[in-house]
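Colleague: So that we are looking at the same thing, I have put the structure below in structure tokens.
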Amino acid sequence: MQHSHTPQQTDQTYCVRHPDTESNLRCGRCGDLICPRCLVTAPVGARCPSCARIGRPAILDTSSSELSRAIAFGAGAGIAGALGLGIVLRLLVSLPFIISLVDFIVVAGGMAGIGYLVGEAVRLGSGKKIDKRLKYVAAGGVFVAWIAVAAWLPLLNVSANFMVGIQGIVGLIIAFYIATSRVRI
Ligand SMILES: [Zn+2]
Ligand SMILES: [Zn+2]
Numbered sequence: 018m019q020h021s022h023t024p025q026q027t028d029q030t031y032c033v034r035h036p037d038t039e040s041n042l043r044c045g046r047c048g049d050l051i052c053p054r055c056l057v058t059a060p061v062g063a064r065c066p067s068c069a070r071i072g073r074p075a076i077l078d079t080s081s082s083e084l085s086r087a088i089a090f091g092a093g094a095g096i097a098g099a100l101g102l103g104i105v106l107r108l109l110v111s112l113p114f115i116i117s118l119v120d121f122i123v124v125a126g127g128m129a130g131i132g133y134l135v136g137e138a139v140r141l142g143s144g145k146k147i148d149k150r151l152k153y154v155a156a157g158g159v160f161v162a163w164i165a166v167a168a169w170l171p172l173l174n175v176s177a178n179f180m181v182g183i184q185g186i187v188g189l190i191i192a193f194y195i196a197t198s199r200v201r202i
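Heads up, the sequence shown is in my numbering, so the first residue is 18 and it goes up one at a time.
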């Protein structure tokens, strides 16, 4: 009687990307074995990560370096805008006369301008990607700008009340709106 030394056939199969994870699920496009850790659910069924990327427009994929650049650009634009607005307010309070509502218009209008700058900086920094996270980056940049103006004004001997008063809050809201509308989702 002869013994077969052929290893026993098993139906155990393993994920291509996670060789220690047993799986019998296959990518619907290339047929690679995939597991719950790496499968991507596409409208057409389960896909492996490589196949899931194919056919997806590059504009929808923001790389981590593009995201970091969007954050850096947004914060940079916010701080640059804040420095400019602080100087404009310094000049305004130096005027020998007071025109009513001008401080409101300057603060709200200045913040609106900062919102535009921040939104554009985030959009360009990301490589004009379409990504919901960019809205948060833009809103964050506006908030940084608002804080920066409030911190900068006392250094210029101007009251920070300009930013925490009604005009500052209205300006902040307008800036949030404008900045987040610049990026597409
Ligand atoms: Zn595949
Ligand atoms: Zn896997």
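Every residue gets a Cβ at the ideal spot worked out from N, C-alpha and C, and that includes glycine.
(1) Shortest alpha-carbon distance to residue 154 belongs to which of 90, 30, 113?
(2) Rounded to whole angstroms, what is the Cα-Cα separation between residue 163 and residue 104?
(3) Using CA coordinates, which residue listed in 80, 108, 149, 141 is at the minimum distance from residue 202?
(4) Report yes if the C-beta of residue 28 is less than 7 angstroms from at least one heavy atom of ligand 1; otherwise report no.
(5) Run the Cβ filter for me: residues under 5 angstroms from any heavy atom of ligand 4, listed in the order they occur in the chain.
(6) DSSP on residue 63, reduced to helix/strand/coil?
(7) By how many angstroms is the C-alpha of residue 100 removed from the C-alpha of residue 169?
(8) Alpha carbon to alpha carbon, what distance is there between residue 147 and residue 177?
(9) Name all residues in chain order for which at least one heavy atom of ligand 1 lies closer than 6 angstroms to the residue's CB.
(10) Report the rounded CA-to-CA distance for residue 195 versus residue 77, giving the unit in angstroms.
(11) What is the DSSP secondary structure of residue 170, counted as helix, strand or coil?
(12) Rounded to the nearest angstrom, what separates residue 192 and residue 144 at their Cα positions?
(13) From this set, 51, 116, 122, which residue's C-alpha is nearest residue 38's C-alpha?
(14) How far does the alpha helix (DSSP H) with residue 184 in it extend, from its first residue to its last?
(15) In chain order, what residues of the same chain lie with their CB nearer than 7 angstroms to the CB of residue 32, ignoring the 5 residues before and after it?
Modeller: Let's see:
(1) With respect to the C-alpha of residue 154, the residue from 90, 30, 113 having the closest C-alpha is 90.
(2) Approximately 14 angstroms, taken between the alpha carbons.
(3) A check of alpha carbon separations from residue 202 across 80, 108, 149, 141 identifies 149 as the nearest.
(4) For ligand 1, not one heavy atom lies less than 7 angstroms from the Cβ of residue 28.
(5) Ligand 4 is not part of the structure shown, which contains ligand 1 and ligand 2 as its ligands.
(6) Residue state, collapsed to three classes: strand.
(7) Spanning the alpha carbons of residue 169 and residue 100 requires a straight line of approximately 7 angstroms.
(8) Computed Cα separation, rounded: 36 angstroms.
(9) Selection around ligand 1 by beta-carbon proximity, strictly under 6 angstroms to any non-hydrogen atom, yields 44, 46, 47, 49, 64, 65, 67, 68 in chain order.
(10) Roughly 22 angstroms separates the two Cα atoms.
(11) DSSP places residue 170 in helix when its eight states are reduced to three.
(12) Rounded to whole angstroms, residue 192 to residue 144 spans 22 angstroms at the Cα level.
(13) Closest by alpha carbon: 51.
(14) Where residue 184 is concerned, the enclosing alpha helix (DSSP H) stretches over 183 to 199.
(15) When the five nearest sequence neighbours on each side are left out, the beta carbons in the same chain lying within less than 7 angstroms of the beta carbon of residue 32 are those of 38, 40, 50, 51, 52, 55, in order along the chain.
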